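First to last, the protein sequences are chains A and B. Going by our numbering, the residue at position 109 of the first sequence is 109; the numbering climbs one at a time, nothing skipped. Going by our numbering, the residue at position 30 of the second sequence is 1030; the numbering climbs one at a time, nothing skipped. In what follows, a structure is listed as structure tokens, so that the remarks can point back to it.
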Amino acid sequence: MKPTDFLLCLIDASGGKVPGRTLLQKRAFFVTELIGEDFGLKFDAHYYGPYSATVEGTTTQLKNLGFLQESSTGFGILSDGFEVRRYDYSLTNDGEQLLKRLRTTAEYGTIKAATDRVLAAGDPNYVELSIAAKAYFLLKKKGGGSMSVAELIKQAEKYNWSISPESVDRAVDFLSSVGLAAGG
Amino acid sequence: MQDYLEIRDPVHGFIYRESHERDLIDTKLFQRLRSLHQLALAYLVYPGATHTRFDHSLGAFHVAGGLAKALVQSDAEKRLVRLATLLHDVGHGPFSHVAEPILQKHSSKIVFAGKAESKIHELISAKIILENTELREFLSDRDRQNIVGLLDGSFGHSYLHEIVSGPIDADKQDYLLRDSYFTGVKYGIYDQERLKNTLRVHEDNDDMVLAISIDGLHALEQFVLAKYYMTTQVYRHRIRLITDQMIERAIFLGIEQDNIGWLRALYSYDGTNDFIQEYLQWNDERLMNEVLHQKGSRVKDLFDRLRERRLFKCIFEVDQNDFPDPSTRNFVFAGSKDFYKPLEEQVAKQFGFDPNHVIAYGVTFNSAIKTESQVPVLHKTKTTLFDDESALFKSVDQQIREQHFHIYAPVEYKGDEKQKKKKYREYKEAILNMIQTLANPKQELPLA
């Protein structure tokens, strides 16, 4: 399945919309991890966790082809004068038309099942997913296999990010719930 | 005392190299880069663009040296960064990136070993650095392994690799300025000194990554815009797209239809030293001369056209707005390329072209920022990403990814501009119909 089809299926399986570029990146990362296939997305290590230039480019491609709609929401102005904005993506009518064919494929079922698992595991926000994704990505790169909750917390504490202990807890709970971390 | 030697360079002024670096520059391996044009046949569009991989490798080496001096603590790592950048392009073959799809197609799959096929010249570079006898004379086994590790990202902290190969690496920092200078296009110019002086090494978990101080935000914006404009104005110039596609098609025909053994061998990397020995004997000029001696061949026919600048013309150009039906739009711009060949055959049949001389080509102008979006931006008390920080790119970047679909053919328009437009409309209408039928074999859909 091509990256364009994968992203259409992922957004459809997410209820037809995904709030935020970062959330889309991290959700795509975990869905591919759960399936065990990267669909050509090629995630690399970056400062705020695994990032795929293909997801970024393909999202823009789908938007320009008229299959996704982008809307942005402002969240105010920071003290340094910059505005915080979130970019949300939803399927257009043309995108829905393509989904009619995609929903009949076996890959769609696999993507839907993996997305359901991610959503059922507490539907974390983009910060929590970023914490979880970075910890999981780094530890997997080091040794692979299932990692303990203690290891994950230790890993996340090394980040130089402004994150609360509650966010780390929810990230760890998420990884345990989807079966990507061992308890203890 | 170090023995410094100077080379005068039109882009950077004086390039200083040490005596051990001069030894590498003087090898036949490195001197070969003088005979590989940096931009293939772009000189057919920009007459000044005759610069080579040699000039660029020296320029990138100079930039990497400056970055290493500013950012790298260890002398041993500084030396490796300079050497890795100097040697980063030794794996390029005739017509460099233009011929890479042919190399990917014909090479043994074993050589890729899980790595991206699009990086084949990097795999060949690594093989050369590890095993070339000239390099072995001047570099230890460990040096050569570390240089290859630095190039592929497996050696040392991430920032060392990022100086050589990353979103704001020395390679891009040189080629934007150099290609701009030699083409005469001013869009590739940015403040390299400011960019260098505002880059920082930032701790990230157990790693060290390349970041930029908030003071350098505008220099990075300027660099990213330079890359975007050079892509649209030079690297994806409409005539250059045609010459690149003609080179690729010519080599393809030489291998597949003319059955020229040496040409197939040149583009069939099998991971052996024998291949590398032969590969290093070739350059742009030798390939051009050899194919021009292949009398009656298809490859000669196309290279004759290129040499005489009798180029194919674009007879069909569409973007997504030409296809109101979503499945056809998806078929053309997001589907597989399997329909290109049958479409080329149909166009050839209807308009009386040789089917080998009809080229279907999908061209994408990527967003201005790609991995640059993830470059950390350092403030006094926090770290953000370029994507979030740059007010300029927040507003423009997402709008500028374009996709087009072209067909090139050897047409000679006769008559005045009005007749030319009429002929072009005739091509467009017929080819749109062909595409609609290929995309929806069971139904006829309305035209745009």
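The beta carbon of each residue, even a glycine, is placed where N, CA and C say it ideally should be. Quick caveat: nothing in here was measured; it's all calculated off a predicted structure.
Cβ-based burial, residue i [other Cβ within 10 Å; buried from 16]
i, result
"B:Ser-1180", "buried"
"B:Arg-1178", "buried"
"A:Val-134", "Position check: residue 134 of chain A holds Lys in this sequence, whereas Val was assumed. Label assigned to A:Lys-134: buried."
"B:His-1121", "buried"
"B:Lys-1341", "exposed"
"B:Glu-1429", "exposed"
"B:Val-1065", "The question names Val, but residue 1065 of chain B in the sequence shown is Gly. Buried."
"B:Phe-1014", "exposed"
"B:Ser-1019", "exposed"
"B:Ala-1439", "buried"
"A:Gly-184", "With a pLDDT of 45 at A:Gly-184, under the threshold of 50, the modelled position of that residue is not reliable, and the figure given next carries that caveat. With fewer than 16 other Cβ atoms within 10 Å, it is exposed."
"B:Gln-1419", "exposed"
"B:Asp-1387", "buried"
"B:Met-1001", "Because B:Met-1001 sits at a pLDDT of 49, beneath the cut-off of 50, its placement in the model cannot be relied upon, and the point is left open."
"B:Glu-1221", "buried"
Segment limits, alpha helix (DSSP H) that includes residue i
i, result
"B:Thr-1027", "B:Thr-1027 -> no alpha helix (DSSP H), and no H or E assigned at all."
"B:Gly-1013", "Looking at the DSSP string, B:Gly-1013 is not in any alpha helix (DSSP H); the run it does join, the beta strand (DSSP E), is 1013 to 1018."
"B:Gln-1403", "Counting along the chain, B:Gln-1403 falls outside any alpha helix (DSSP H), though it belongs to the beta strand (DSSP E) covering 1402 to 1409."
"B:Asp-1171", "1170 to 1183"
"B:Val-1347", "1340 to 1351"
"B:Leu-1033", "Per DSSP, B:Leu-1033 belongs to no alpha helix (DSSP H) and is neither H nor E."
"B:Gln-1277", "1273 to 1279"
"A:Asp-97", "Per the sequence shown, residue 97 of chain A should be read as Gln rather than Asp. Residues 93 to 102."
"B:Phe-1138", "1133 to 1138"
"A:Ile-111", "106 to 120"
"B:Asn-1289", "1284 to 1292"
"B:Glu-1256", "1238 to 1256"
"B:His-1161", "1158 to 1164"
"B:Gln-1525", "Outside the shown range of chain B, which is 1001 to 1448, sits residue 1525 of chain B, and nothing can be said about it."
"B:Asp-1055", "1053 to 1071"
"B:Arg-1425", "1417 to 1439"
"B:Pro-1101", "1100 to 1106"
Chain A contact for residue i (CB, 7 Å cutoff)
i, result
"B:Pro-1376", "yes"
"B:Asp-1441", "Contrary to the premise, residue 1441 of chain B reads as Pro rather than Asp in this sequence. Judged by the 7 Å Cβ criterion, B:Pro-1441 is not in contact with chain A."
"B:Asp-1204", "yes"
"B:Tyr-1279", "no"
"B:Gln-1320", "yes"
"B:Met-1001", "Any answer about B:Met-1001 is weak, because its pLDDT of 49 lies below 50 and its placement is not dependable; what the coordinates show is given next. No, B:Met-1001 lies away from the interface with chain A (no Cβ there is under 7 Å from its Cβ)."
"B:Arg-1329", "yes"
"B:Ala-1334", "yes"
"B:Pro-1326", "yes"
Beta carbon proximity, residue i to chain D, threshold 7 Å
i, result
"A:Gln-97", "Protein chains A and B are contained in the structure displayed, whereas chain D is not."
Cutoff 7 Å: residue i Cβ touching any chain B Cβ
i, result
"A:Leu-65", "yes"
"A:Arg-170", "no"
"A:Thr-4", "yes"
"A:Tyr-47", "yes"
"A:Tyr-108", "no"
"A:Tyr-51", "yes"
"A:Asp-12", "no"
"A:Asp-38", "no"
"A:Asp-116", "no"
"A:Leu-8", "no"
"A:Thr-88", "Thr is not the amino acid found at residue 88 of chain A; the sequence shown has Asp there. Not an interface residue."
"A:Asp-173", "no"
Expected contact under 8 Å - CB spacing of residue i and residue j to nearest Å
i, j, result
"B:Thr-1183", "B:Gly-1048", "6 Å"
"A:Thr-104", "A:Phe-67", "Wrong, their Cβ atoms sit about 17 Å apart, outside the cutoff."
"A:Leu-62", "A:Leu-7", "6 Å"
"A:Tyr-87", "A:Arg-21", "5 Å"
"B:Ala-1070", "B:Val-1081", "Not a contact, Cβ separation roughly 11 Å."
Sheet register partners of residue i (DSSP bridge)
i, result
"A:Ser-71", "A:Asp-88"
"A:Pro-19", "A:Asp-88"
"B:Ser-1213", "B:Leu-1378"
"B:Leu-1005", "B:Arg-1017"
"A:Asp-44", "A:Tyr-51"
"B:Asp-1207", "B:Asp-1204"
"B:Thr-1085", "In the DSSP output, where bridge partners are listed per residue, B:Thr-1085 has none listed."
Where the beta strand (DSSP E) containing residue i begins and where it ends
i, result
"B:Ala-1360", "1359 to 1365"
"B:Lys-1313", "1313 to 1319"
"B:Thr-1383", "1383 to 1385"
"B:Asp-1204", "1199 to 1204"
Distance cut-off 6 Å: residue i Cβ against heavy atoms of the ligand MG
i, result
"A:Gly-40", "Ligands are entirely absent from the displayed structure, and the ligand MG is therefore not among its contents."
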